[in-house]
Amino acid sequence: MRIERVRSRSRTAGQALLLGAALAWGCAALFATKIGDIQKAPGQWDGRTVTVAGKVTGTHNLLVVKYYQVDDGTGEIAVVTQSALPKEGENVRVKGRVEQAFALGSAHVVVIVETPPQR
Numbered sequence: 147m148r149i150e151r152v153r154s155r156s157r158t159a160g161q162a163l164l165l166g167a168a169l170a171w172g173c174a175a176l177f178a179t180k181i182g183d184i185q186k187a188p189g190q191w192d193g194r195t196v197t198v199a200g201k202v203t204g205t206h207n208l209l210v211v212k213y214y215q216v217d218d219g220t221g222e223i224a225v226v227t228q229s230a231l232p233k234e235g236e237n238v239r240v241k242g243r244v245e246q247a248f249a250l251g252s253a254h255v256v257v258i259v260e261t262p263p264q265r
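At position 81 of the sequence shown (counting the first as 1) the number is 227 in the working numbering, and the numbers step up by one without a gap.
The structure is reproduced here in structure tokens:
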């Protein structure tokens, strides 16, 4: 009987931890800036620090720059990073500064330059 109670408590603690992690991710996504909003008015977001959350859809490691694309369901944006690249399909939460890489007529290339993690 005693062993069953310990296993039950352990399972309950694991479920609570999993639920807490899911809630944290959900809240992070709720308070994140929508990528679609940035893309609709890139000039208004230029230079501002934002947090976006979504799924990594691609990674690129070029000689001079590393970046990955994040899609949150409202749009997709490139995130320039100095850190290790996340894996494709991974859910991420990214804080960084919005920068217009260039604008040509009505076409705008907007990226987020990731804020390096504090150590």
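Cβ atoms here follow ideal geometry from the backbone N, Cα and C, with glycine treated the same way.
Near residue i, what residues of its chain come up, given a Cβ to Cβ distance below 6 Å and the 5 sequence neighbours on each side ignored?
| i | result |
| --- | --- |
| Gln-215 | Thr-203, Gly-204, Glu-222, Ala-224 |
| Gln-185 | Gly-221 |
| Asp-183 | none |
| Glu-245 | Val-257, Val-259 |
Take residue i as the anchor and find which of the options has the nearest alpha-carbon.
| i | options | result |
| --- | --- | --- |
| Ser-229 | Ile-181, Lys-212, Glu-245 | Lys-212 |
| Val-255 | Trp-191, Phe-177, Ala-178 | Trp-191 |
| Gly-219 | Thr-179, Lys-241, Leu-209 | Thr-179 |
| Arg-243 | Gly-235, Thr-227, Glu-260 | Glu-260 |
| Val-240 | Glu-234, Val-226, Gly-251 | Val-226 |
| Phe-177 | Thr-197, Gly-189, Asp-217, Leu-209 | Thr-197 |
| Gly-235 | Ala-187, Asp-217, Gly-251 | Asp-217 |
In chain order, what residues of the same chain have a beta carbon less than 7 Å from the beta carbon of residue i, not counting five sequence neighbours either side?
| i | result |
| --- | --- |
| Leu-231 | Thr-205, Asn-207, Lys-212, Tyr-214 |
| Pro-263 | Ser-229 |
Do residue i and residue j have their C-beta atoms closer together than 9 Å?
| i | j | result |
| --- | --- | --- |
| Ile-181 | Gly-200 | yes |
| Val-257 | Ala-247 | yes |
Going by DSSP in three states, residue i sits in which element: helix, strand or coil?
| i | result |
| --- | --- |
| Gln-264 | coil |
| Gln-190 | helix |
| Glu-245 | strand |
Would you mind reading off the limits of the alpha helix (DSSP H) that contains residue i?
| i | result |
| --- | --- |
| Gln-185 | 181-186 |
What are the boundary residues of the beta strand (DSSP E) that includes residue i?
| i | result |
| --- | --- |
| Glu-222 | 222-227 |
| Val-216 | 212-217 |
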